[in-house]
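These notes are about the structure you will find just below.
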Amino acid sequence: MDEIEQARRYTRHVLVSGIAATWLVIVVCAASRLDAGLLNWWRTALAVVPAALFTWLCPRIIRAILDRRHPTGLVAVAAVLALSAALVGGPDLTAWGFIIMAWLSIATLNLPRRTSLLISAGTWLVSVAAAAVTWRDNLFTVGLHLTFEEVLFLNALMFGVMCAVMPPSNRLWVWIWTLAEQVHKGREAHTKLVLAEERLRFARDLHDLVGHQLSAIAVKTELAVRLSDVDAAAAKAEMAEVNGLTRKALKDLRQAVRGYRELDLAAEVNSVKGVLEAAGVRCEVRLPYRELPAGVAPVFAYAVREAVTNVLKHSDASFCEITIRFTEREAELRVRNDGVARRRAADLGSGLAGMGERLAAVGGELRAGPAAGGHFVLAVVVSLPLPGV
19 MDEIEQARRY
29 TRHVLVSGIA
39 ATWLVIVVCA
49 ASRLDAGLLN
59 WWRTALAVVP
69 AALFTWLCPR
79 IIRAILDRRH
89 PTGLVAVAAV
99 LALSAALVGG
109 PDLTAWGFII
119 MAWLSIATLN
129 LPRRTSLLIS
139 AGTWLVSVAA
149 AAVTWRDNLF
159 TVGLHLTFEE
169 VLFLNALMFG
179 VMCAVMPPSN
189 RLWVWIWTLA
199 EQVHKGREAH
209 TKLVLAEERL
219 RFARDLHDLV
229 GHQLSAIAVK
239 TELAVRLSDV
249 DAAAAKAEMA
259 EVNGLTRKAL
269 KDLRQAVRGY
279 RELDLAAEVN
289 SVKGVLEAAG
299 VRCEVRLPYR
309 ELPAGVAPVF
319 AYAVREAVTN
329 VLKHSDASFC
339 EITIRFTERE
349 AELRVRNDGV
359 ARRRAADLGS
369 GLAGMGERLA
379 AVGGELRAGP
389 AAGGHFVLAV
399 VVSLPLPGV
């Protein structure tokens, strides 16, 4: 699963946990009243209906809020359901009244601070008023035998603390989620920028290599056309030069493309490391202190590019390690990451098939699969010396 989806799911679970806490408070209170022989089964059954509807509605409100919307209609319906459950079941905070606080913690998300404070103040007044109207059924009255003034004070204090703490707590989680989403978008933009800069570099190099020859070809072709009617020999000489320039331009173009496809290994490793880190993947590189044997660097450069492409396209890795080592008999490239351990090598893209064909041409071998520690390892091994080198 993508990192940003994991962050969204975690945020959603935190916000929904307030609903779970509400039901825990309700169950504990019902058990206490049952032990004391004070549980009113009819009121409890009637309160469960709007509370269940409220529970069903809240995840939909949370999803809309995480999508940068404030579903005013759903929030209003949830308020009616929460208040109904509290009034029927008993609105003190140690029982059904907690459902009003659960609604408040969700209703104030994605709202301006002043609006949120007004809603919190209004919710506190409604909750204290409801607790005052039904004070004889309050758990404090029944269990502790407190007076009306004492019950009113305790409910006002407890509801006040909850109204002050719960909305900012949930807004903090939404704010963290917003930052994570912005960072994710920034990483994507950075990755696209790095790729665009690489394309621009290649286009600039290509223009520098063949642009002059093409301009000269155009000038000499135009001159040959003008000379064809007055001096056929001169026109023929110009066309001969055009032919030479064309061949030279074609040779330079082939060399440029070959150089782009077979980059210097160190430059390629630095390039893919930059792309990985731009995508939020921590990259560690371990290179030998000696130069690789002749012919090995271009093969490994292509393999590094293809391996890292698979990491970016087919995994959710957060770590990638690139290791190159060699002995007198063989050279090995190993790319290890923590994002695709549960996938088969055959699922990682057709590029691996092409890499395998290239390696087979030089007597090399490609191995890819899960490794210890929940990692995935792609290893390229070639025997030394390479054929034809």
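Following our numbering, the numbering of the sequence shown begins with 19 at its first residue and continues without gaps. Glycine included, every Cβ here is placed at the ideal spot set by N, Cα and C.
(1) Could you name the residues of the same chain whose beta carbon sits closer than 6 Å to that of residue 298, not counting the 5 residues immediately before and after it, in chain order?
(2) Would you list the residues sitting across from residue 341 in a DSSP beta bridge?
(3) Which word fits residue 364, buried or exposed, when buried means at least 16 other C-beta atoms lie within 10 angstroms of its C-beta?
(4) As a quick exercise: from 41, 192 and 291, pick the residue whose alpha carbon is nearest that of residue 29.
(5) Is the region 62-77 in contact with the region 164-180, if contact means three or more CB pairs nearer than 8 Å?
(6) Does the region 297-311 come close enough to the region 385-396 to have 3 or more Cβ pairs within less than 8 Å?
(7) Kindly indicate which residue of 345, 399 and 355 has the alpha-carbon position closest to the one of residue 389.
(8) Rank 43, 213, 37 and 49 by C-alpha distance to the C-alpha of residue 291 and give the top, closest one.
(9) Among all the DSSP beta bridges, which residues are the ones paired with residue 45?
(10) Can you tell me the Cβ-Cβ gap for residue 402 and residue 350, rounded? I've got them flagged as a contact below 8 Å.
(11) Out of 182, 207, 171 and 202, which has the shortest C-alpha to C-alpha gap to residue 136?
(12) Tell me the residue span of the beta strand (DSSP E) that contains residue 396.
(13) Pop quiz: residue 44 and residue 113 are said to be a contact at Cβ under 8 Å. What is the actual Cβ separation, rounded to whole angstroms?
(14) Going by alpha carbons, who is nearest to residue 39 out of 146, 116 and 270?
(15) Looking only at its own chain, which residues have a Cβ that is under 8 Å from the Cβ of residue 84, when we skip the five neighbours before and after it?
(16) If you follow the beta strand (DSSP E) that residue 389 is in, where does it begin and where does it stop?
(17) Do the CB positions of residue 235 and residue 263 come within less than 8 Å of each other?
(18) In whole angstroms, give me the CA-to-CA distance for residue 175 and residue 97.
(19) Return helix, strand or coil for residue 334, following the three-state DSSP convention.
(20) With C-beta atoms as the reference, is residue 255 less than 8 Å away from residue 246?
(21) Are there 16 or more other CB atoms within 10 angstroms of the CB of residue 261, so buried, or fewer, so exposed?
(22) Within 10 Å of its beta-carbon, does residue 130 have 16 or more other beta-carbons around it, so buried, or fewer, so exposed?
(23) Quick check: what's the CA-CA separation for residue 271 versus residue 232?
(24) Would you decide whether residue 93 is buried or exposed? Buried here means 16 or more other CB atoms lie within 10 Å of its CB.
(25) Around the Cβ of residue 35, are there at least 16 other Cβ atoms within 10 angstroms (buried) or fewer (exposed)?
(26) Count the other CB atoms, across all protein chains shown, that sit within 10 Å of the CB of residue 248; report buried if there are 16 or more and exposed otherwise.
(27) For the alpha helix (DSSP H) that contains residue 73, what are its first and last residues?
(28) Kindly list the residues whose CB is nearer than 6 Å to the CB of residue 304, restricted to its own chain and excluding five residues on each side of it in sequence; keep chain order.
(29) Would DSSP call residue 347 helix, strand or coil?
(30) Span of the alpha helix (DSSP H) holding residue 140?
(31) Could you give the distance in angstroms between the alpha-carbon of residue 334 and the alpha-carbon of residue 188?
(32) What does the alpha-carbon distance come out to for the pair residue 345 and residue 82?
(33) The alpha helix (DSSP H) with residue 107 in it runs from where to where?
(34) How about residue 17 and residue 283: are their beta carbons less than 8 Å apart?
Taking the definition as stated:
(1) 205
(2) 304 and 352
(3) Low per-residue confidence applies at residue 364: pLDDT is 44, beneath 50, and the placement is therefore not dependable, though the value from the model is reported in the following sentence. With fewer than 16 other Cβ atoms within 10 Å, it is exposed.
(4) 192
(5) no
(6) no
(7) 355
(8) 213
(9) Answer is none; residue 45 lacks a bridge partner.
(10) Wrong, their Cβ atoms sit about 11 Å apart, outside the cutoff.
(11) 182
(12) 393-401
(13) 7 Å
(14) 116
(15) 26, 29, 30, 192 and 195
(16) 382-389
(17) yes
(18) 22 Å
(19) coil
(20) no
(21) exposed
(22) exposed
(23) 11 Å
(24) buried
(25) exposed
(26) exposed
(27) 59-84
(28) 341
(29) coil
(30) 131-151
(31) 28 Å
(32) 59 Å
(33) 90-107
(34) For residue 17 there is no data in the structure shown, the boundaries of the chain being 19 and 407.
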